[in-house]
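Participant: This is the structure I have questions about; it appears just below.
Number of protein chains: 2
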Amino acid sequence: MNRLDGTKERLLEAARRLFADKGFDGASVRAITRRARANLGAITYHFGSKEALYTTVLEQLFRELRERVAAAVAAPAAAGDRLAAIIRAFFAFFADHPEAPRLIVHRLAAGEPPSPVVIEHFRPVVDAIRSTVRDGQARGELRAVEPLLAAFTLISQTVWFAVARRMIATVSGVPLDRPEQAAAVERHITDVVQRALAPRGRAP
Amino acid sequence: MNRLDGTKERLLEAARRLFADKGFDGASVRAITRRARANLGAITYHFGSKEALYTTVLEQLFRELRERVAAAVAAPAAAGDRLAAIIRAFFAFFADHPEAPRLIVHRLAAGEPPSPVVIEHFRPVVDAIRSTVRDGQARGELRAVEPLLAAFTLISQTVWFAVARRMIATVSGVPLDRPEQAAAVERHITDVVQRALAPRGRAP
């Protein structure tokens, strides 16, 4: 990695962190470049604009999620096991990128539609879950549930846990925000999704 | 209602809307009083401070949710039906208060713990769900699932739908953001929660 690449990587890392902490508007060019130990013009030089830097941050993150989910569904396995692998991919992604949930939430808070680059990478994630459900239904492994609603049950629990686990811990008094609790919640969500989709008389 | 009460109500309504749109920091005293057609000193006069106005907004909203959920669990019914009534209470609350999800999300985006008044009213909501699950388990109507995780499955899907339905519609291409779609999603979440908790061999 040459010196300029080093600056670019540091800018991406600083931007990921500051956009997550403060949102797009709250994270200033000055704060990002200072955190990256770069000069004030470095964002323009490497990315063209703050908007383009933001898009690159989202692009990298959601491409990675998309690739992890694609790998999870590619393995030949029963539909229930593939759904478990997708949930595992989401948990691994959020464990490696604790800033990702807050990047999503800032956009929701602003009342804006998701950035086009997020739609571009998240749509195949939703489609992969819908296809897995439809395949499982065609093979008689899963009962008839609208595949989009099945995907909603998987994603809503997984994403809400990533987004709100500290709040849940505060309200409930149970320390679900501790890293070692994530495995128990992952098992629970997997169990709920599999039971919700199990054919009659074949609850796991 | 005398003239001063009218101003107070208008301030609460304007504050609920602007705190939802822009968050606590983004909603200025000037913008709130202008929207309420009140003078600049009206917030101090009626509430003492912008912080106290914000607390009152959250207090009113989350007290109402707490009361709706308390009424839902009070009816004598099987545990599965009481869980359905709780989900119905959440959907009715969010239908009547479309600004409520964004008030929650702004706080999450700021990375701050929930306001004490939110904890005070939301904790009994979580406890009501946990008790309903424990009662149902004691009567053999529900299988053994950690009651907090059962509450999580109910709340996460319900709240995430309220928070992200526009985003889900954009990503999926299915207009889940239309009001008439809410009933289908409510039925789906109820079905998922009841199946997740059904004793072996008694899936609904």
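Those protein sequence lines, which keep their order, are chains A and B.
Start counting the first sequence at 2; every next residue gets the next number (our numbering).
Start counting the second sequence at 2; every next residue gets the next number (our numbering).
For every residue, glycine included, the Cβ atom is placed at its ideal position computed from N, Cα and C.
Pull up the distance between the alpha-carbon of Glu-14 (chain B) and that of Ala-37 (chain B), whole angstroms please.
Facilitator: Straight-line Cα distance between these residues: approximately 8 Å.
Participant: Within the 8 Å Cβ cut-off, does Gly-7 (chain A) reach chain B?
Facilitator: Not closer than 8 Å to any Cβ of chain B, the Cβ of Gly-7 (chain A) fails to qualify, so no.
Participant: Among B:Phe-123, B:Ala-199 and B:Gly-27, which one has its Cα closest to the Cα of Arg-64 (chain B)?
Facilitator: The option with the nearest alpha carbon to Arg-64 (chain B) is B:Phe-123.
Participant: Is any beta-carbon of chain A found at less than 8 Å from that of Asp-178 (chain B)?
Facilitator: By this cut-off, Asp-178 (chain B) is not an interface position.
Participant: Say whether the segment 68–86 of chain B touches the segment 186–204 of chain A, bearing in mind that this needs 3 or more beta-carbon pairs closer than 8 Å, one atom from each stretch.
Facilitator: These segments do not touch.
Participant: Residues of the segment 95–115 of chain A in Cβ contact with chain B at a cutoff of 7 Å, in chain order, please.
Facilitator: Flagged, chain order: Arg-103, Val-106, His-107, Leu-109, Ala-110, Gly-112, Pro-114 and Pro-115.
Participant: Mapping the DSSP letters down to three states, classify Arg-38 (chain B) as helix, strand or coil.
Facilitator: Looking at Arg-38 (chain B) - three-state DSSP - the assignment turns out to be coil, as it is neither helix nor strand.
Participant: Is it right to say Tyr-46 (chain B) is buried, meaning 16 or more other beta carbons lie within 10 angstroms of its own, or is it exposed?
Facilitator: Its Cβ having fewer than 16 others within 10 Å, Tyr-46 (chain B) is exposed.
Participant: CA-CA distance, Gly-174 (chain A) and Arg-144 (chain B)?
Facilitator: The alpha-carbon atoms of Gly-174 (chain A) and Arg-144 (chain B) are separated by roughly 23 Å.
Participant: Quick one: list the residues of chain A neighbouring Ile-33 (chain B), beta-carbon separation under 7 Å, in chain order.
Facilitator: Near Ile-33 (chain B) there are no residues of chain A at all, since even the closest Cβ is about 17 Å away, more than 7 Å.
Participant: Have a look at A:Leu-109, A:Phe-94, A:Ala-184 and A:Leu-19 and flag the residue whose alpha-carbon is nearest the alpha-carbon of Trp-161 (chain B).
Facilitator: Nearest C-alpha to Trp-161 (chain B): A:Leu-109.
Participant: Can you check whether the C-beta of Val-164 (chain A) is within less than 8 Å of a C-beta belonging to chain B?
Facilitator: So yes, Val-164 (chain A) belongs to the interface.
Participant: Starting from Gly-137 (chain B), trace the alpha helix (DSSP H) in both directions and tell me its first and last residue.
Facilitator: From DSSP, the alpha helix (DSSP H) with Gly-137 (chain B) extends over 117–139.
Participant: Since Glu-187 (chain A) contacts Ile-88 (chain A) with CB under 8 Å, what's their CB separation in whole angstroms?
Facilitator: At roughly 6 Å, the Cβ-Cβ gap stays under 8 Å, so Glu-187 (chain A) and Ile-88 (chain A) are in contact.
Participant: Which of helix, strand or coil does DSSP assign to Ser-29 (chain A)?
Facilitator: In this structure, Ser-29 (chain A) counts as coil in the three-state DSSP scheme.
Participant: Give the C-beta separation of Leu-41 (chain A) and Val-58 (chain A) to the nearest angstrom, bearing in mind that I take them to be a contact with Cβ-Cβ under 8 Å.
Facilitator: About 19 Å separates the two Cβ atoms, so there is no contact after all.
Participant: In the DSSP assignment, find the alpha helix (DSSP H) that holds Ala-199 (chain B) and state where it starts and stops.
Facilitator: Element bounds for Ala-199 (chain B): n/a, residue is neither H nor E.
Participant: Can you confirm whether Ser-25 (chain A), when its beta carbon is compared against all beta carbons of chain B, has any partner nearer than 8 Å?
Facilitator: The identity of residue 25 (chain A) in the sequence shown is Phe, whereas the question assumes Ser. Closer than 8 Å: no.
Participant: Step through the CB atoms of chain B and report whether any lies within less than 8 Å of the CB of Leu-62 (chain A).
Facilitator: Cβ-Cβ to chain B under 8 Å: no for Leu-62 (chain A).
Participant: What number of angstroms, rounded off, separates the C-alpha of Gly-7 (chain B) from the C-alpha of Ala-21 (chain B)?
Facilitator: Rounded to whole angstroms, Gly-7 (chain B) to Ala-21 (chain B) spans 21 Å at the Cα level.
Participant: My output table needs one value for Ala-93 (chain B): the three-state DSSP class, helix, strand or coil.
Facilitator: DSSP places Ala-93 (chain B) in helix when its eight states are reduced to three.
Participant: For Gln-158 (chain B) versus Thr-154 (chain A), is the C-beta spacing smaller than 8 Å?
Facilitator: Yes, the Cβ-Cβ distance between Gln-158 (chain B) and Thr-154 (chain A) is below 8 Å.
Participant: For Arg-103 (chain A), which residues of its own chain have a beta-carbon under 6 Å away from its beta-carbon, when the five flanking residues on both sides are left out?
Facilitator: Correct list, in chain order: Ala-21.
Participant: Could you name the residues of chain B that Ala-197 (chain A) contacts, counting a contact when the two beta carbons are closer than 8 Å?
Facilitator: Correct list: Asp-192, Val-193, Arg-196 and Ala-197.
Participant: State the CB to CB distance for the pair Thr-191 (chain B) and Ala-85 (chain B), rounded to an integer number of angstroms; the pair is presumed to be in contact (CB under 8 Å).
Facilitator: Indeed they touch by this definition, with Cβ atoms about 5 Å apart.
Participant: Using only the alpha-carbon positions, how far apart do Gly-81 (chain B) and Ala-111 (chain A) sit?
Facilitator: Spanning the two alpha carbons is a distance of roughly 37 Å.
Participant: Rounded to whole angstroms, what's the CA-CA distance from Ile-105 (chain B) to Ser-50 (chain A)? Just pull it up for me.
Facilitator: Roughly 31 Å between the two C-alpha positions.
Participant: Are any of the Cβ atoms in chain E nearer than 8 Å to that of Ser-173 (chain A)?
Facilitator: In the displayed structure, chain E is absent; the protein chains listed are A and B.
Participant: If you draw a straight line from the C-alpha of Leu-19 (chain B) to the C-alpha of Gly-27 (chain A), how long is it?
Facilitator: One C-alpha to the other measures close to 18 Å.
Participant: What three-state label does DSSP hand Asp-178 (chain A) in the structure shown?
Facilitator: Asp-178 (chain A) falls in the coil class under three-state DSSP.
Participant: What residues in its chain sit with their C-beta under 8 Å from that of His-189 (chain B), if we drop five residues either side in the sequence?
Facilitator: Here the set comprises nothing.
Participant: Taking C-beta pairs closer than 7 Å, name the residues in chain A that Arg-124 (chain B) reaches, listed in chain order.
Facilitator: The contacting residues are Val-172.
Participant: Identify the continuous alpha helix (DSSP H) that holds Leu-54 (chain B) and give its terminal residues.
Facilitator: From DSSP, the alpha helix (DSSP H) with Leu-54 (chain B) extends over 51–75.
Participant: I want to verify the contact list: residues of chain A whose CB lies under 8 Å from the CB of Ile-169 (chain B), in sequence order.
Facilitator: Within 8 Å Cβ-Cβ: Phe-153.
Participant: Quick one: grab the DSSP three-state call for Val-160 (chain B).
Facilitator: Helix.
Participant: If the cut-off is 8 Å on Cβ atoms, which residues from the segment 123–151 of chain B count as contacting chain A, listed in chain order?
Facilitator: If the cut-off is 8 Å between Cβ atoms, the segment 123–151 of chain B has Phe-123, Arg-124, Val-127, Val-146, Glu-147, Leu-149 and Leu-150 near chain A.
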